[in-house]
Amino acid sequence: MLEEHDRIVLTEDVADPGLKAGDVGTIIHVHRDGEAFEVEFLTLDGHTAAVATVPSSRVRPVTGADITHARDFRAGVAARPSVST
């Protein structure tokens, strides 16, 4: 069973906020006994790119056979509405 702080790989795209299958994230909260996870996705320089609630059916654990892959996430960030503070 996946737990907080486990690294996961998306198995399907998550349109909002523009995440793609294969993106790697870290579980920051487990919902309802693992039905869904709050997952943080980071840029390679350590900044938060997105936080999304993802159903357990759309993730798998990271394995020793996985490698990272870089892609430009600005399109995903630009698609999100800005938040006023």
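So the sequence shown is numbered by my numbering: it starts at 378 and just counts up by one. From the three backbone atoms N, C-alpha and C, an ideal C-beta is built for every residue, glycine too. None of the values given here were measured: they were computed from a predicted structure.
8 angstroms Cβ cutoff met for F414 and H406: Translated into positions along the sequence shown, residue 414 becomes position 37. Translated into positions along the sequence shown, residue 406 becomes position 29. In contact: F414 and H406 (Cβ atoms closer than 8 angstroms).
Leaving out the 5 sequence neighbours to the left and right, which residues in its chain are closer than 7 angstroms to P438 when beta-carbon positions are compared? Residue mapping note: residue 438 aligns to position 61 of the sequence shown, counting from 1. Once the five neighbours on either side are set aside, the close Cβ partners of P438 are L379, D383 and I385.
How is G411 classed by DSSP in three states: helix, strand or coil? Reading the sequence shown from its first residue, position 34 is the one you call residue 411. Residue state, collapsed to three classes: helix.
Could you give the DSSP three-state label for A456: helix, strand or coil? Along the sequence shown, one-based indexing puts residue 456 at 79. Annotation note: pLDDT 49 at A456 (below 50); position unreliable, no value reported.
For V386, which three-state DSSP category applies? The residue given as residue 386 occupies position 9 in the sequence shown. DSSP places V386 in strand when its eight states are reduced to three.
Residue of H446, R451, D443 and T430 minimising C-alpha distance to V391: Reading the sequence shown from its first residue, position 14 is the one you call residue 391. Of the listed residues, the one whose Cα sits closest to V391 is T430.
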